[in-house]
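Asks: Position in the sequence shown (first residue = 1) + 9 = the numbering used here.
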Amino acid sequence: KAFYSRIFDRMVSRVNASLRIAGDVGEEGGRGRFFIGILDIFGFEVFDSNSLEQLCINFTNEKLQATFNQIIFQAAMEENAEEGVVVEVADLSDIDNSETLELIEGNPSGVFALLNEECVVPKGSDASLLDKMFANLLGNKRLKRPLRNRTAFSINHYAATVTYTSVGLLEKNKDPVSEDLLVLMRSSGEIAVSELFAEKGDTLLLDRKKGARFQGLVAKFQRQLHDLLSVLDSSRTHFIRCIKPNLEMKPRCYDSLYVRS
Numbered sequence: 010k011a012f013y014s015r016i017f018d019r020m021v022s023r024v025n026a027s028l029r030i031a032g033d034v035g036e037e038g039g040r041g042r043f044f045i046g047i048l049d050i051f052g053f054e055v056f057d058s059n060s061l062e063q064l065c066i067n068f069t070n071e072k073l074q075a076t077f078n079q080i081i082f083q084a085a086m087e088e089n090a091e092e093g094v095v096v097e098v099a100d101l102s103d104i105d106n107s108e109t110l111e112l113i114e115g116n117p118s119g120v121f122a123l124l125n126e127e128c129v130v131p132k133g134s135d136a137s138l139l140d141k142m143f144a145n146l147l148g149n150k151r152l153k154r155p156l157r158n159r160t161a162f163s164i165n166h167y168a169a170t171v172t173y174t175s176v177g178l179l180e181k182n183k184d185p186v187s188e189d190l191l192v193l194m195r196s197s198g199e200i201a202v203s204e205l206f207a208e209k210g211d212t213l214l215l216d217r218k219k220g221a222r223f224q225g226l227v228a229k230f231q232r233q234l235h236d237l238l239s240v241l242d243s244s245r246t247h248f249i250r251c252i253k254p255n256l257e258m259k260p261r262c263y264d265s266l267y268v269r270s
């Protein structure tokens with residue numbers, strides 16, 4: 010996983026560097042000032058067993074949905090104002106997902122905050138994390154306790170209610186990489202490998218050495234999502250609606266009832 014992650018980051022960096030216009034350098038030599046970005050919004054995920062991966066993906070969709078709502082309704086309000094059209098204040102409660110966002114990312118007792126905390130407390134476990142979630146967050150109507158599954162919790166997302174297992178959440182968030190393995194990869198005779206595992210990229214290892222506050226996979230994910238949303242906020246955004254014609258993934262098959270639903 011560590012090797013794949015570093016290769017992917019390196020590929021993205023090289024692609025962006027090759028597409029940059031000569032002389033167009035943004036802040037700190039990063040993304041250029043002038044660019045066209047394409048964001049392919051990955052689909053909402055609901056499987057028989059859902060874990061941290063699905064929670065992160067579905068939370069991203071929640072954040073992007075909130076951004077979409079804000080942009081679309083703000084544009085409609087500005088258009089009405091320009092044309093002198095007076096309309097009643099719309100009731101947006103049906104599409105307002107702020108409660109779900111607060112449930113997941115809220116501080117100090119959102120799902121992500123509790124997960125990070127449980128990774129560092131003595132004897133922290135998946136079971137104790139679940140207990141703290143229900144003790145602190147059941148006041149949020151978007152969180153539900155499954156009746157027949159004592160190791161799971163359900164979140165009412167804008168697209169569907171998803172039940173997540175708590176088993177393995179702490180281990181996935183810690184995402185541990187053996188220090189011996191890191192040292193071994195850095196000493197590789199293959200230059201490409203040793204560069205991929207240069208010490209500057211090992212934030213978890215460096216944090217341990219410096220005694221810094223624990224930063225797990227969720228914290229890294231939230232930083233990346235924040236960067237993405239910052240780019241969206243600073244850009245002129247256009248939306249393309251993609252239609253899924255059928256559930257069978259067959260060509261030349263248009264299910265009109267499914268599309269309209």
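Quick reminder that beta carbons are idealized off the backbone N, C-alpha and C, glycines included.
If you reduce the DSSP assignment to three classes, tell me which class S163 lands in.
Replies: strand
Asks: What's the C-alpha gap between C262 and E71?
Replies: 30 Å
Asks: How would you write the range of the beta strand (DSSP E) that Y173 sits in, first residue to last?
Replies: T170 to T174
Asks: For the stretch 72-85 and the stretch 119-135, state whether three or more C-beta atom pairs, one from each stretch, are separated by less than 8 Å.
Replies: No contact exists between the stretch 72-85 and the stretch 119-135.
Asks: Tell me the rounded alpha-carbon separation between L191 and F206.
Replies: Each residue's alpha carbon lies about 7 Å from the other.
Asks: Return the residue from the list N149, M20 and N67 that minimises the CA-CA distance to G115.
Replies: N149
Asks: Need the endpoints of the alpha helix (DSSP H) that I200 sits in, please.
Replies: I200 to L205
Asks: Tell me the DSSP secondary structure of N59 in three-state form.
Replies: N59 falls in the strand class under three-state DSSP.
Asks: Excluding sequence positions up to five away, which residues of its chain have a Cβ less than 8 Å from the Cβ of D272?
Replies: In this structure the chain extends from 10 to 270, so residue 272 is not present and cannot be described.
Asks: Enumerate in chain order the residues of its own chain whose CB-to-CB distance from N255 is below 8 Å, with the five nearest sequence positions on each side excluded.
Replies: C262, Y263, D264 and Y267
Asks: By the 10 Å Cβ neighbour count, where 16 or more other Cβ atoms means buried, how is V96 classified, buried or exposed?
Replies: exposed
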